[in-house]
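A quick write-up on the structure given underneath.
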Amino acid sequence: MSKFAKVVNDTVIEVLDTLEGRIHPELHGEYVQVPDAVEPGFVKNGRKFEAPVPVAAAASPPPAPVTVISRLNFLRRFTRAERIALRIAETTDPVVADFLLMLTLAEDVDLTSADVTEGLAYLEANGFVTAERGAAIRTG
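First residue of the sequence shown: 118, per the numbering used here; consecutive thereafter.
Take a look at the structure:
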C-alpha cells in the first residue's frame, strides 16, 4: 500500500492514506504517491524522500541569577547567631544601625545594590561575618 503526500518546496507537508473522500477530486493533482514510510517533514531528494536531518535542540541559557529577594529571605541568609550579634551591635555601632534600618525600610533587597554591597563589606571588615559567610549571604 502506498500513501499520498502534498509536497511544497520539496518538503512533505501532508500525508494521506487515500485521496478518495478526503480531498476534492480537482485537488488530487497536488498530491503525489509516496512510499508508506514517508511522513510530514520528509524532504524530496530527486526521486526519493528522505527523513529530515535531526537538529539538535539549542541549549537554553541558564536562568539569570536572582538578585532581588524579600527582606525576610535576605535576613534568613544570616545565621541566628549573626542576626543576634547585629541586633546587639545596632545599639553601639551606627553603621550596623544604619544597615539594619535600611533593611527595615526596604520592601525588597537588591543583592547588587551599593547599600547591600557596602553593608556586607562592613560586616566582614568588622568581624560580624567572615568573608566566606558574606559571599554565601550574597549568593544564597
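Backbone N, C-alpha and C define an ideal beta-carbon position, used for all residues, glycine too.
From a predicted model like this one, the values you see are computed outputs, not experimental measurements.
First and last residue of the alpha helix (DSSP H) that includes residue i?
i	result
Ile201	197 to 206
Glu167	First-last for Glu167: 165 to 167, but that is the beta strand (DSSP E), not the alpha helix (DSSP H).
Whose CA, out of the options, lies closest to the CA of residue i?
i	options	result
Ser119	Asn126, Ile130, Thr128, Tyr148	Tyr148
Pro157	Lys165, Ile130, Arg164	Ile130
Arg194	Thr128, Val125, Thr256	Thr256
Val124	Thr135, Pro142, Phe166	Phe166
Leu203	Ala252, Leu237, Leu136	Leu237
Leu240	Asp225, Pro211, Thr221, Pro179	Pro211
Ile186	Leu136, Asp227, Glu137	Asp227
Three-state secondary structure (DSSP) at residue i?
i	result
Ile130	strand
Ala122	strand
Asp210	coil
Val183	coil
Asp153	coil
Got a sec? Which residues, its chain only, sit under 6 Å from residue i by beta carbon, not counting five neighbours each side?
i	result
Glu207	Val213, Ala214, Leu217
Asp232	Met219
In chain order, what residues of the same chain lie with their CB nearer than 7 Å to the CB of residue i, ignoring the 5 residues before and after it?
i	result
Ala122	Val129, Glu131, Val132, Tyr148, Val149, Val151, Val155
Arg139	Leu133
Please report the residue range of the beta strand (DSSP E) in which residue i lies.
i	result
Asn243	Taken as a continuous stretch (DSSP letters only), Asn243 belongs to no beta strand (DSSP E), as it is neither H nor E.
Val226	225 to 227
Val172	Element bounds for Val172: n/a, residue is neither H nor E.
Under the assumption that residue i contacts residue j (Cβ atoms under 8 Å), give the Cβ distance between them as a whole number of angstroms.
i	j	result
Arg197	Ala223	Arg197 to Ala223, Cβ: 21 Å. No contact.
Val160	Asp127	6 Å
Thr229	Thr184	5 Å
Looking only at its own chain, which residues have a Cβ that is under 8 Å from the Cβ of residue i, when we skip the five neighbours before and after it?
i	result
Glu199	Phe245, Val246, Arg250
Thr135	Phe121
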